[in-house]
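These notes are about the structure you will find just below.
Residue numbers (the working numbering): 1 to 69.
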């Protein structure tokens, strides 16, 4: 049997790619769904009163000068 190329190895007569090291774990779909559900529940229990924007002031148009030129 010939030697497998770099980055590959033999498994039961088949060439397989070597596993790559996982430097950082990714967030799974369930983890993201759990975080979103936690944020939603936090908003239901404690509310987001501190995050409400201030109401915009009503615009008061300035009095224009008469147009007698």
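Every residue gets a Cβ at the ideal spot worked out from N, C-alpha and C, and that includes glycine. Since the model is a prediction, treat every value here as computed from it, not as a measurement.
Would you give the residue range spanned by the alpha helix (DSSP H) that residue 45 belongs to? Residue 45 -> alpha helix (DSSP H) spans 29-45.
To which residues of the same chain is residue 8 closer than 6 Å at the C-beta, ignoring the five residues directly before and after it? Its chain contains 15 and 17 as the residues whose beta carbon lies nearer than 6 Å to that of residue 8, once the 5 sequence neighbours on both sides are disregarded; these appear in chain order.
Roughly how many whole angstroms lie between the Cα atoms of residue 40 and residue 58? Going from the Cα of residue 40 to the Cα of residue 58 covers about 32 Å.
Out of curiosity, what's the CA-to-CA distance linking residue 37 and residue 43? One C-alpha to the other measures close to 10 Å.
Rounded C-alpha distance that separates residue 63 from residue 46: As the crow flies, the alpha-carbon of residue 63 is around 46 Å from that of residue 46.
In this structure, how does DSSP classify residue 26 when only helix, strand and coil are distinguished? Looking at residue 26 - three-state DSSP - the assignment turns out to be coil, as it is neither helix nor strand.
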